[in-house]
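Engineer: Heads up: the protein sequence lines correspond to chains Z and W, in order.
Note that my numbering gives residue 365 to position 365 of the first sequence, counting from 1, and the numbers run on in steps of one.
Numbers in my numbering are just positions in the second sequence, counted from 1, shifted up by 1000.
Could you have a look at this structure, given as structure tokens, before my questions?
Protein chains: 2
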Amino acid sequence: MSPKITTELLKQLRQVMKNPKYVQEPVQAYIVPSGDAHQSEYIAPCDCRRAFISGFDGSAGTAIVTEQHAAMWTDGRYFLQAAHQMDNNWTLMKMGLKDTPTQEDWLVSVLPEGSKVGVDPFIIPADQWKRMSKVLRSAGHDLVPVKENLINTIWTDCPQRPCKPLITLDLSYTGISWKDKIVALRSKMAERKVMWFVVTALDEVAWLFNLRGSDVEYNPVFFAYAVIGMNTIRLFIDGDRIMDPAVREHLQLDSTLEPEFKIQVMPYGSILSELQAVGAGLSPKEKVWLSDKASYALTEAIPKAYRYLTPYTPICVAKAVKNAAETEGMRRAHIKDAVALCELFNWLENEVPKGTVTEIIAADKAEEFRSQQKDFVELSFATISSTGPNGAIIHYKPVPETNRTLSVNEIYLLDSGAQYKDGTTDVTRTMHFGTPSAYEKECFTYVLKGHIAVSAAIFPNGTKGHLLDSFARSALWDCGLDYLHGTGHGVGSFLNVHEGPCGISYKTFADEPLEAGMIVSDEPGYYEDGSFGIRIENVVLVIPAETKYNFKNRGSLTFEPLTLVPIQTKMIDVHLLTEKECNWVNEYHQKCREVVGAELERQGRHEALRWLLRETEPLARVQ
Amino acid sequence: MSPKITTELLKQLRQVMKNPKYVQEPVQAYIVPSGDAHQSEYIAPCDCRRAFISGFDGSAGTAIVTEQHAAMWTDGRYFLQAAHQMDNNWTLMKMGLKDTPTQEDWLVSVLPEGSKVGVDPFIIPADQWKRMSKVLRSAGHDLVPVKENLINTIWTDCPQRPCKPLITLDLSYTGISWKDKIVALRSKMAERKVMWFVVTALDEVAWLFNLRGSDVEYNPVFFAYAVIGMNTIRLFIDGDRIMDPAVREHLQLDSTLEPEFKIQVMPYGSILSELQAVGAGLSPKEKVWLSDKASYALTEAIPKAYRYLTPYTPICVAKAVKNAAETEGMRRAHIKDAVALCELFNWLENEVPKGTVTEIIAADKAEEFRSQQKDFVELSFATISSTGPNGAIIHYKPVPETNRTLSVNEIYLLDSGAQYKDGTTDVTRTMHFGTPSAYEKECFTYVLKGHIAVSAAIFPNGTKGHLLDSFARSALWDCGLDYLHGTGHGVGSFLNVHEGPCGISYKTFADEPLEAGMIVSDEPGYYEDGSFGIRIENVVLVIPAETKYNFKNRGSLTFEPLTLVPIQTKMIDVHLLTEKECNWVNEYHQKCREVVGAELERQGRHEALRWLLRETEPLARVQ
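And the structure:
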């Protein structure tokens, strides 16, 4: 992977930063955040402005360009990738390391007195605006909204904003109608005494209306906003897609409806002016509920006294707790996904020794097997297919320049997942197709112990996921090892593979407590730069746990793995497992046999079934 | 314990809340925080205003009185005690429970529109003022400073503020001179580009000047402030005590000194006007460093643009990392403390079966044995001597009304500690003088497993203590049990038994990372209301850990117990321990034998030595 040469682009950007056509006054720094106007993690090509200006195309990162400097903040997952993709014009700011300054502190340290720092007010979340603006102001600088996006002014071949057809989901997938979701939302609004709710996150719009789209790769969402009043519903969406009869019927656009369920469809681009009109028409005590991560532009549309901002919206919280239909859908999706992976791993076992399988071929093969499964829609993220040293690049994606051939001498790490109409998957397995070294097995086994420690953990109702993070690290810590990423994230139901408000990470304190029905990933790892990467990831469902006692009647929770793909026993050093851990592996593999075995049988995939049976032979605990 | 009758007092308070002699405008609510003007946890009798108005005298709690209501916020340690000590005028607000409103939210819910909420600006920390004031303002109310403390206006027999003699500590105790501490502080100030540092916490003043006092029971501190400039030192302190020749020599008040080490002594009460003068004389860019927990009154003395506020001061952080002299002192103190406790437990074993030992007698006896040890100064907190159901009152202190007799049928919990001139101790042991039930042993063993999980934990340099909290709970969680307090707190060196900035608790996210030399407690527990309480507490020193590998060269840490008092093996269900845990107990007891045994021998305490040897017989692991 050779870095993008950005000298000319940075020169152009620095020119427009002073061009009165675009800025009222010259800005001495310009911030290019990662997100789009919906603060999405995955974005459409037209929104990849940070990648355009820097070359670094990982999922998280913020670029800041000043007259003298260009700097990129990203986290541990992307240190290597960013270093590879960016040229010498850029300084990499490694977030999470002790000596790395925050963006604000860095700006203060490099800017001349009284500087203006520009940013697109539609892209920057309001909470981030507030924090940055405060620090900058106290150091004598100003954060200023620049209406026209300055990257767009120099991005001559910027792609069009996508506007693809919609998919309607019926009750068998969603378990609850969009009307009932609106009713529940309005009741939450009434509880908090707010009159309006502004839906800005794309997955929240999709979830609320039981619609899906394909405007953004991997995330089945579509560009839209919604504004829900106590008696009105406004949906801001472009294109012919709303003319599709199936969509019109689903939304009952042409039916006679109770007025409070009548959806007014409006152009996507009119959200700001409509919201400003709402803002201007509020009577005292009429509050408007927005996510505190909504864009600064939309937040400013509502006068400060009328805003009701929360870190997590009621939709975000409701969406995280899956109902029976969604849970069953997720189970089905994970069984199909396991079938595809059994096929893949069986195929790899045969093909890798021939020396003809590259990372890209393996990733394509995984997609091919998945696409044979019922209700397959697309992948849920770019497949991380990495062997040897590439495995240590935590969010690696193989490209021709880096593409290695799988061999019997290197560890292979595959982190992949799919969108099925009934659910979203995300699974990582680390395999060796030859004979792993004792050290590789040792590291793998520590990671496995961490995975089991989380998966088998029992914890009180009301516990936040971040309190479980250290369980995943304890075995690694004992030997002086660790990994520089969180342990788990929320997973959507045929929606974004990363979603809030729950997760398992040492990095956050503001996650919502885990509750039965939530779905998260459990994915500890270990990475040795230049050598290999190990990660073991299951998607797990939060379920009630039976315990001997029940302190203060709080009840307890634990996890049930939804992912049912064998964990390579060849990589396990059984001596390092406790009896309990050994039993966990054997019971997990027994379940893979029963559930996935039956499906492989049903689909007539006999060779993959034989592979499954071989790979799930019980561990014999020595000692 | 019968509750304090507060009807008349509340009536008087509500009168002064409207009395123009004390308030510019009537206040509809008055907040009585726990602390003093230094935001101390332990306070002098003259500062016990919250206890005076409510009867509840636990170490943490905030009272709010409105025209209609009186409410008390406190945490899990004090739910039972507060309920016992307060009469029906008071509503107990159980912090940490899901449905308990914050003080601000509660105020908003009960106050008539446009209310004024009063508070003493010297008592409320600036960060709390800011938070409350914001919420109140957004709901149309006002937080207002009431100069005269309204409790003082009705507290006719309020005691005098103490002003006791000072103790000077030489280098053999402190390891570093006060001048070198000033130099280090000024270098931290220079790093942050601040010109002034205001020392407001009593333990920080004491630590900085290597002085101790006895103005506050249990905490060897004295009422004082200090303001450190780059070339000036101002110490605000009252009384003759500064005339003591030893103190004058220690501070070199009468010597010819480099001007930057010349201490100007000023009256305690002049801090506000002096600070206002500093504030008024600042040139641009001259910042003043204060804790964000300093009082609102002092913080307001510095114009906002000149304030540099941090959650932890450089003194707080420096004080937490003990140097070699302090660590050795702490070791010595803990050995002496163990000698006293071996004497006590041996004595209890003989006396309890006679039915003549009450909780108070046991506590007094513990103090008697401690006071026989060299350099004993006082207790480090009120001894928690509790048997049977009293053990479930987490911060119980025996008083005649509640005083139970120890028996061979109930669990006895003793949480106690002392101030020695060389160190501060804090130890909890839970014992049974008869035959514990299987259930009692089971619970004790889970608590022990949690204690060991923390004590033996290995974790990377830079890890914050809150990430270890769940280790202490895991064994309890597995069985549906838990405890409603944090797992550990920082411990001072002949200073406050509770100190920041480190600790081990699920409740905080803002603790500073643990580093070698820090000292914390490790004290998981289990409490069954109405039945018994179990807690096992050691003070432990953070030390470097040897690990097999060393990821990213970060280095690892672990804990070394400073407390060396046997853990009653009779209470342990050995079947529930892993081999590793069993070895931990045996190695710990072996160390108690060697180190404390030698000291008992040296002091000629042969009966206690025999008790120690009996109690530290190795566990034989069945299975």
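Backbone N, C-alpha and C define an ideal beta-carbon position, used for all residues, glycine too.
On the three-state DSSP scale, how would you describe Q419 (chain Z)?
Structural biologist: strand
Engineer: Taking contact to mean at least 3 C-beta pairs separated by less than 8 Å, is the stretch 1517-1527 of chain W in contact with the stretch 1471-1486 of chain W?
Structural biologist: yes
Engineer: When you check each C-beta in the stretch 73-84 of chain Z against every C-beta of chain W, which residues fall closer than 9 Å?
Structural biologist: none
Engineer: Is the separation between the beta-carbon of H1589 (chain W) and that of P1566 (chain W) shorter than 8 Å?
Structural biologist: yes
Engineer: Taking 8 Å as the threshold (beta carbon to beta carbon), is C158 (chain Z) in contact with chain W?
Structural biologist: no
Engineer: Can you give, in chain order, each stretch of the beta strand (DSSP E) that sits fully within the stretch 1094-1177 of chain W and has at least 3 residues?
Structural biologist: 1116-1119 and 1142-1145
Engineer: Using a Cβ cut-off of 7 Å, pull out every chain W residue sitting near K98 (chain Z), in sequence order please.
Structural biologist: G1462
Engineer: Using 8 Å as the threshold, is the C-beta distance between R1234 (chain W) and Q1264 (chain W) below it?
Structural biologist: Cβ distance < 8 Å, so R1234 (chain W) and Q1264 (chain W) count as in contact.
Engineer: Look up K464 (chain Z) in the DSSP assignment and say whether it is helix, strand or coil.
Structural biologist: strand
Engineer: Using a Cβ cut-off of 9 Å, pull out every chain W residue sitting near T547 (chain Z), in sequence order please.
Structural biologist: W1477, D1478, C1479, G1480 and L1481
Engineer: Classify S1470 (chain W) as helix, strand or coil using the three-state DSSP reduction.
Structural biologist: helix
Engineer: Please list, in chain order, the residues of the stretch 546-570 of chain Z that have any C-beta partner in chain W closer than 7 Å.
Structural biologist: T547, K548, Y549, N550, F551 and S556
Engineer: Rounded to whole angstroms, what is the Cα-Cα separation between G281 (chain Z) and V1135 (chain W)?
Structural biologist: 24 Å
Engineer: Does the contact criterion of 3 or more C-beta pairs under 8 Å hold for the stretch 1149-1166 of chain W versus the stretch 1307-1324 of chain W?
Structural biologist: no
Engineer: Below 8 Å on C-beta distance, what does L1467 (chain W) contact in chain Z?
Structural biologist: D469, S470 and Y506
Engineer: Go ahead and pull the three-state DSSP assignment for T200 (chain Z).
Structural biologist: coil
Engineer: Is I543 (chain Z) close to chain W? Criterion is C-beta to C-beta, closer than 8 Å.
Structural biologist: no
Engineer: Give, in chain order, every unbroken run of the beta strand (DSSP E) that is at least 3 residues long and sits entirely within the stretch 1466-1533 of chain W.
Structural biologist: 1488-1490, 1499-1504, 1519-1522 and 1525-1528
Engineer: First and last residue of the alpha helix (DSSP H) that includes D1449 (chain W)?
Structural biologist: For the sequence presented, residue 1449 (chain W) should be read as Lys rather than Asp. Note, K1449 (chain W): alpha helix (DSSP H), A1438 to S1455.
Engineer: Please state the DSSP three-state secondary structure of L1562 (chain W).
Structural biologist: coil
Engineer: Please determine if the stretch 136-145 of chain Z and the stretch 322-336 of chain Z are in contact, where contact requires at least 3 C-beta pairs separated by less than 8 Å.
Structural biologist: Using a Cβ-Cβ distance cut-off of 8 Å, the stretch 136-145 of chain Z and the stretch 322-336 of chain Z are not in contact, since fewer than three pairs of beta carbons, one from each stretch, lie closer than that value.
Engineer: Among Z:Y42, Z:I154 and Z:A126, which has the Cα closest to the Cα of M17 (chain Z)?
Structural biologist: Of Z:Y42, Z:I154 and Z:A126, the residue nearest in Cα terms is Z:I154.
Engineer: Under the assumption that S1306 (chain W) contacts G1279 (chain W) (Cβ atoms under 8 Å), give the Cβ distance between them as a whole number of angstroms.
Structural biologist: The amino acid at residue 1306 (chain W) is misidentified as Ser; the sequence shows Tyr. About 7 Å; that satisfies the 8 Å criterion.
Engineer: Check distances from the C-beta atoms of the stretch 434-461 of chain Z to those of chain W and list, in chain order, the residues that come in under 8 Å.
Structural biologist: A457, I458, F459 and P460
Engineer: What is the DSSP secondary structure of M571 (chain Z), counted as helix, strand or coil?
Structural biologist: helix
Engineer: Within 8 Å (strictly less), CB to CB, does T1509 (chain W) reach chain Z?
Structural biologist: At residue 1509 (chain W) the sequence reads Phe, which differs from the Thr that was named. Yes, its Cβ sits closer than 8 Å to a Cβ of chain Z.
Engineer: Could you give the residue range of the beta strand (DSSP E) that holds V427 (chain Z)?
Structural biologist: For V427 (chain Z), the enclosing beta strand (DSSP E) starts and ends at V427 to H432.
Engineer: With distances taken Cα to Cα, identify the nearest neighbour of F1222 (chain W) among W:G1500, W:T1547, W:G1533 and W:L1495.
Structural biologist: W:L1495
Engineer: Where F1471 (chain W) and T1508 (chain W) are concerned, what is the direct C-alpha to C-alpha distance, given to the nearest angstrom?
Structural biologist: Computed Cα separation, rounded: 16 Å.
Engineer: Classify M571 (chain Z) as buried or exposed, calling it buried when 16 or more other Cβ atoms lie within 10 Å of its own Cβ.
Structural biologist: buried
Engineer: Along the beta strand (DSSP E) that carries G1355 (chain W), what are the first and last residues, could you check?
Structural biologist: G1355 (chain W) -> no beta strand (DSSP E), and no H or E assigned at all.
Engineer: Does the Cβ of S1137 (chain W) have 16 or more other Cβ atoms within 10 Å, making it buried, or fewer, making it exposed?
Structural biologist: One point to set straight first is that residue 1137 (chain W) is Arg, not Ser, in the sequence displayed. By the C-beta density criterion, R1137 (chain W) is exposed, having fewer than 16 other C-beta atoms within 10 angstroms.
Engineer: Closest by CA to L1557 (chain W), which one among Z:E249, Z:L600, Z:G480 and Z:R331?
Structural biologist: Closest by alpha carbon: Z:G480.
Engineer: For Y1225 (chain W), does the three-state DSSP call read helix, strand or coil?
Structural biologist: strand
Engineer: If we ignore side chains and look at the alpha-carbon of each, how far apart do I1043 (chain W) and L1344 (chain W) end up?
Structural biologist: 29 Å
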